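Residue numbers (this note's numbering): 1413 to 1789.
Here's what the structure looks like:
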């Protein structure tokens, strides 16, 4: 091994089990948690009515817990680190352990090692049994890990925590911004008169007759209020009669049957045209200086509108929310500057969602990268 490489050690030399029980009843049923394969503690799914938790194990701060049984868990091990400041209760059949010396092996660094697909594969491969395969304590002790200096461990943990904090901060913003947006809308209903939507929107029936768009431009419409990749098989299908949805135009599926009481509707927020089935309805704001498309989308992207659309869908074998019903929808119409203010808050929420999502995705690949760095530091 070169001088620049970190030594690899047997994990069992640096960890030990803990078997502290809740025998004094200091913790209650509200402190009981489960363990997820996403490497975190989760609310327990167990019914604890009438169950004594005196024999349950305590997971103290900076301690780990894992489920030895790795069967039927999607080839992942259920494991978590208690990074909170309070004790947690878990089932007595789970295993609790900790670092014997945090000045040599940081719990947070150890978590980086566990929070990788490589460890999941290793634990599954080294799980033994017939009806129930387990990754027992002796196998956990045999795990080989790179052990850099404590300074390097802290540096790697700080990198991971920085990205994790970014995700958590933006996730915390999302409900607050959503509440602010909804409060704006409620305020608009109180301050401004409601108007029938039909005075401010019109249908569009532009077709792809010049073949400017192809099968790759065809999209479907989701009840999540967005365009999605089409599920239709377009082999040999002509898209000349398909409808074009231009930027800032809406499309919706009039048939509201069998859609989970939600309407399939979307606003084209891109800067390019989209093709959709000719049976769908395309519409737009007649004057964007009076009714902002993004503001209208917020009005239509609410559970209240889904309920309204289902209640006002008509038919026997197939219930539809046709164009005349869409025209009758009442919305509050504040001045354009107020509409824009609401849209701006919504965009802030979308941005927070995007940053949090990207940070979470990067965390998945960061752990392996950090461990590689630890191995060669």
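Every residue gets a Cβ at the ideal spot worked out from N, C-alpha and C, and that includes glycine.
This one's a predicted model, so the numbers in the text were calculated from it and none came from an experiment.
Check	Outcome
Can we say the segment 1663-1676 touches the segment 1644-1653, given the rule of at least three CB pairs closer than 8 Å?	no
Does the Cβ-Cβ distance between residue 1625 and residue 1708 come in under 7 Å?	no
First and last residue of the alpha helix (DSSP H) that includes residue 1597?	1562-1603
From residue 1518 to residue 1526, what distance separates their C-alpha atoms?	13 Å
Using the Cβ count rule (16 or more neighbours within 10 Å means buried), how would you classify residue 1615?	exposed
Just the C-alpha distance for residue 1544 and residue 1502, rounded to the nearest angstrom, thanks.	20 Å
For the beta strand (DSSP E) containing residue 1657, list its first residue and its last residue.	1655-1657
Does DSSP classify residue 1733 as helix, strand or coil?	coil
I need the DSSP call for residue 1748, collapsed to helix, strand or coil.	helix
Closest by CA to residue 1734, which one among 1745, 1478, 1437, 1722?	1722
Is DSSP giving residue 1788 helix, strand or coil here?	coil
Taking its Cβ as the centre, do 16 or more other Cβ atoms sit within 10 Å of residue 1766, making it buried, or is it exposed?	exposed
Give the range of the beta strand (DSSP E) segment to which residue 1687 is assigned.	1686-1688
Of all the options 1489, 1771, 1441, 1458, which has the alpha carbon lying nearest to the alpha carbon of residue 1479?	1489
What's the gap between the Cα of residue 1587 and the Cα of residue 1715?	16 Å
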